[in-house]
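For the sequence shown, UniProt numbering gives the first residue as 1, with consecutive numbering after it.
Heads up, the beta-carbon is just placed ideally off N, CA and C, and yes, glycines get one too.
Quick caveat, the model's predicted, so the values are computed rather than measured.
See below for the structure under consideration.
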Amino acid sequence: MSPKTYSIACIPADGIGPEVINAGITALSALTDTLKTFQLKFKNYDWSSETYKKTGKYIPDGGLEELKKHDAIFFGAVGAPDVPDHISLWGLRLAICQPFQQYANVRPTRVFRGTESPLRKCGPKDLDWVIIRENSEGEYAGQGGRSHAGKPWEVATEVSIFSRHGVERIMRFAFETAQKRPRKLLTVVTKSNAQRNGMVLWDEVAKLVAVDFHDVTVDKMLVDAMTTRMVLKPESLDTIVATNLHADILSDLAASLAGSIGIAPTSNLDPTREYPSMFEPIHGSAFDITGMGISNPVATFWTAAEMLAWLGEEEASKQLLACVENVCEQGILTRDLGGDATTKQVTDAVVAEIKKLA
Ligand code: NAI
Ligand code: MG
């Protein structure tokens with residue numbers, strides 16, 4: 001019997017996206033060649049700010065239908081200096097996440113062996129978190145508008161949407177995630193002191209869902225206080241659930257506390273599996289280092305590992321991540337982690353580790 005083949009849509013897009021996605025494909029190909037237990041078939045889509053500037057569209061007609069044929073989407077980053085960020089984000093990333101109902105955004109962070117947290121006294125065991133971000137509504141629902149453009153009395157509204165359905169499904173997902181982790185500890189982030197409608201519904205639904213998860217310990221934190229707890233008591237946290245905006249901010253903080261934004265992955269999951277899920281490093285297109293060959297590919301390797309786990313290849317996922325961590329431990333680190341290795345040197349070192357799995 002020929003090994004199982006998964007079809008992966010690759011959208012490297014902008015800035016360092018193509019550099020890190022290439023590194024990711026190199027590592028994944030080495031892994032499948034070595035393990036020989038499954039195969040990956042990659043199809044590249046050159047949707048980017050360049051195509052937007054030429055055609056006026058990030059995703060060509062029929063593009064989403066085309067994406068649906070794949071088992072997963074491997075995404076780089078979108079954003080260019082000469083395109084407003086709200087156009088690029090809504091034109092490509094959110095244009096996939098929202099119609100594909102990738103409502104659960106999963107953002108694990110931890111301190112790898114061989115890397116250092118900028119926090120004094122924070123070792124690998126003290127920071128091991130998974131942030132679950134609501135990814136379909138909330139503050140990024142796209143509701144609102146502008147009137148009286150350019151006039152002194154111009155107004156703009158940005159309306160947050162919290163639906164019982166949307167909140168309940170992300171809470172269930174977060175409780176299930178917490179339940180599968182050894183500490184079974186979930187922190188619900190909120191701002192229900194100041195935001196007295198949506199955030200109060202958020203808290204109420206969290207309480208209702210908690211009833212079905214007696215073995216999970218839950219606590220509630222206001223988002224502002226949460227930033228101090230992340231910095232001062234990282235070891236007191238494990239799984240965290242927060243709204244689209246709050247988790248967006250907290251997860252960049254989390255990645256930096258673990259050493260660099262260049263290591264953390266993101267999964268945009270449709271837990272119903274009706275649509276393919278999308279996997280991307282947490283960072284953006286990093287114009288300041290594009291083309292210099294120094295972008296950290298670790299976030300993309302970890303992203304690739306998360307993608308394999310979602311596809312059902314848990315063992316291969318663990319093996320890939322262990323190879324990446326071994327390379328960090330050998331001190332082969334890019335500049336953002338305090339080293340001087342290039343993207344290629346890190347990638348070659350990870351491939352060399354993968355080959356040892358044979
Ligand atoms: P960014 O994540 O691109 O960069 C922030 C800082 O981190 C920069 O100094 C950059 O050099 C560094 N950095 C990021 N990734 C790195 C890596 N792999 N290795 C080493 N250093 C790395 O965030 P920024 O500058 O706010 O945004 C740049 C563009 O990216 C914007 O257009 C923004 O909208 C877009 N963006 C896109 C995202 C996505 O596609 N999911 C996510 C975040 C931002
Ligand atoms: Mg962000």
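When we look at the beta-carbon of residue 28 and count the other beta-carbons within 10 Å, is it buried (16 or more) or exposed? Buried is the call here.
Say the cut is 7 Å; is the CB of residue 280 nearer than that to a heavy atom of the ligand NAI? yes
Buried or exposed, going by whether 16 or more other CB atoms sit within 10 Å of the CB of residue 93? Its Cβ being crowded by 16 or more others within 10 Å, residue 93 is buried.
What is the residue span of the beta strand (DSSP E) that residue 10 lies within? 4-13
Does DSSP put residue 138 in a helix, a strand or coil? strand
Buried/exposed call for residue 50, threshold 16 Cβ in 10 Å: With fewer than 16 other Cβ atoms within 10 Å, it is exposed.
Cut-off 8 Å between Cβ atoms - residues of its own chain near residue 216, not counting five sequence neighbours on either side: 175, 178, 179, 184, 185, 186 and 210
Quick check: what's the CA-CA separation for residue 271 versus residue 119? Computed Cα separation, rounded: 34 Å.
DSSP puts residue 132 in a beta bridge; with which residues? DSSP lists 106 and 241 as partners of residue 132.
Given this structure, state the Cα-to-Cα distance separating residue 91 from residue 18, to the nearest angstrom. 18 Å
So, are the CB atoms of residue 279 and residue 306 less than 8 Å apart? yes
Just verifying my parser: in three-state terms, what is the DSSP assignment at residue 162? coil
Report all residues from its chain with a CB closer than 8 Å to the CB of residue 58; omit the five preceding and five following residues, and keep chain order. Its chain contains 47, 48, 49, 51, 52, 78, 88, 91, 92 and 95 as the residues whose beta carbon lies nearer than 8 Å to that of residue 58, once the 5 sequence neighbours on both sides are disregarded; these appear in chain order.
Secondary structure of residue 320, DSSP reduced to three states: DSSP, read as helix, strand or coil, puts residue 320 in helix.
For residue 249, is the beta carbon positioned less than 7 Å from some heavy atom of the ligand NAI? no
Within this structure, are the beta carbons of residue 67 and residue 9 separated by less than 8 Å? yes
Is it true that the CB of residue 114 sits closer than 8 Å to the CB of residue 312? no
On the premise that residue 124 lies in contact with residue 265, defined as a C-beta separation below 8 Å, what is that separation, rounded to the nearest angstrom? With a Cβ gap of about 17 Å, residue 265 and residue 124 do not count as contacting.
Does the stretch 309-325 come close enough to the stretch 344-358 that 3 or more CB-CB pairs lie under 8 Å? The answer is yes - the stretch 309-325 touches the stretch 344-358, with three or more Cβ pairs under 8 Å.
May I ask which residues mark the beginning and end of the beta strand (DSSP E) holding residue 75? 72-77
On a Cα-Cα basis, can you pick out the residue from 137, 155 and 153 that is closest to residue 168? 137
Please state whether DSSP places residue 68 in a helix, a strand or coil. Helix.
Residue range of the alpha helix (DSSP H) that residue 280 falls in? No alpha helix (DSSP H) contains residue 280, which is instead part of the beta strand (DSSP E) from 277-281.
Less than 6 Å between C-beta atoms, sequence neighbours within five positions excluded: which residues of the same chain meet that for residue 24? 300 and 304
Beta-carbon proximity of residue 208 to residue 162, cut-off 8 Å: At least 8 Å separates the beta-carbon of residue 208 from that of residue 162.
Please classify residue 70 as buried or exposed, where buried requires at least 16 neighbouring CB atoms within 10 angstroms. It counts as buried.
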